[in-house]
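Q: Letter by letter, the sequence shown follows residues -24 to -1, 1 to 161 in mature numbering (1 follows the signal peptide of the UniProt record, and there is no 0). For glycine and all other residues, C-beta sits at the position ideal for the given N, C-alpha and C. The structure under discussion is supplied below as structure tokens; questions concerning it will follow.
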Amino acid sequence: MKKITLPLLACLALPLVAAAPAQAAKQVSLCDTAIKDAKPRSGEPARGRGAVPGLRVSYLPKGFIYGDFSHHSGKKAWEYGYAWSDDRDDVDRKHRSLWVRVVCWPAAKSLKDLPGLPVVEGSFATAEKATVGGRKVLTKEGDGALGHGRYVGWVERPGVVITVMASEPLTSRLGRIIKGIRATN
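See below:
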């Protein structure tokens, strides 16, 4: 039997040790401040994990053509998200769109805090409690800037709110969409 010397073992282990930090650097957690520096992008829609940093969106209905990543900073909270859409006009009732957003707001602890969510679009002032996709959420009909459909939100963990706006043609799939949204870490 041939002996393996310690320097050879160290050389074999080195690639494994070197690979670990590179893999860890790829994953971004929810509300990571590095996201604030990301450039908004639009065009072909991203799919799944890469669309919304820190989230995995495992179920996306087919038919989306466009996608937009955006972020906004306010005094009390900052937000980022991704919107998918088809090529129909926004006023067409068959227009398909899905907007998944993360709101980083330290005051968010439970659903009762959501009516005070400090965002420009998508307040929960008139929302109702419900269970959608296995989650306890606040929900309301889309209106005004949100467009037609259903708007849903929940506290993923203290300080992190997830909102989803699904256009009318997608509301029947909203449970499946929400069930497929998971924090990556």
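Just mark Met(-24) as buried or exposed, buried being the case when its beta carbon has 16 or more other beta carbons within 10 Å.
A: For the purposes of this step, residue -24 is taken as the residue at position 1 of the sequence shown. Reliability of the predicted coordinates at Met(-24) is poor, the pLDDT of 47 falling under 50, and no value is obtained from them.
Q: Going by beta-carbon coordinates alone, are Ala103 and Cys80 separated by less than 8 Å?
A: What you label residue 103 is simply residue 127 of the sequence shown in a count that begins at 1. What you label residue 80 is simply residue 104 of the sequence shown in a count that begins at 1. No. Outside cutoff.
Q: May I ask you to report which of helix, strand or coil DSSP gives Arg64?
A: In the sequence shown, residue 64 corresponds to position 88, counting from 1. Residue state, collapsed to three classes: coil.
Q: Can you give me the Cβ contacts of Gly118 inside the same chain, cut-off strictly under 7 Å, excluding the 5 residues immediately before and after it?
A: Stepping through the sequence shown from its first residue, residue 118 is reached at position 142. Residues of the same chain with a CB within less than 7 Å of the CB of Gly118, apart from the 5 flanking positions on each side, are His124, Gly125, Arg126, Tyr127, Met141 in chain order.
Q: Are the Cβ atoms of Val33 and Tyr56 separated by less than 8 Å?
A: Within the sequence shown, residue 33 is the residue found at index 57, counting from 1. Within the sequence shown, residue 56 is the residue found at index 80, counting from 1. The answer is no: Cβ separation not under 8 Å.
Q: Using C-beta distances below 6 Å, list every residue in its chain close to Ile153, excluding the 5 sequence neighbours before and after it, in chain order.
A: Along the sequence shown, read from residue 1 onward, the residue named residue 153 stands at position 177. Cβ within range, chain order: Tyr35.
Q: Do you know how far the Cα of Pro16 is from the Cα of Gly43?
A: Mapped onto the sequence shown, residue 43 falls at position 67. Mapped onto the sequence shown, residue 16 falls at position 40. Distance between the alpha carbons of Gly43 and Pro16 is about 11 Å.
Q: Taking all protein chains shown into account, decide if Glu20 is buried (16 or more other Cβ within 10 angstroms of its Cβ) or exposed.
A: The count along the sequence shown starts at 1 and reaches residue 20 at position 44. The residue is exposed, with fewer than 16 neighbouring Cβ atoms inside 10 Å.
Q: Secondary structure at Gly129, three-state DSSP: helix, strand or coil?
A: The residue you call residue 129 lines up with position 153 of the sequence shown. When secondary structure is reduced to three states using DSSP, Gly129 falls in the strand class.
Q: List the residues that DSSP assigns as beta-bridge partners of Glu97.
A: By 1-based counting over the sequence shown, the position of residue 97 is 121. Answer by DSSP bridge pairing: none, since Glu97 is not bridged.
Q: Using only the alpha-carbon positions, how far apart do Thr160 and Gly135 sit?
A: For the purposes of this step, residue 160 is taken as the residue at position 184 of the sequence shown. For the purposes of this step, residue 135 is taken as the residue at position 159 of the sequence shown. The alpha-carbon atoms of Thr160 and Gly135 are separated by roughly 16 Å.
Q: Looking at the structure shown, is Ala121 part of a helix, part of a strand, or coil, going by DSSP?
A: For the purposes of this step, residue 121 is taken as the residue at position 145 of the sequence shown. It is helical.
Q: Is the beta carbon of Phe40 sitting closer than 8 Å to the one on Asp62?
A: Here residue 40 is taken as the residue at index 64 of the sequence shown, counted from 1. Here residue 62 is taken as the residue at index 86 of the sequence shown, counted from 1. Closer than 8 Å, so yes.
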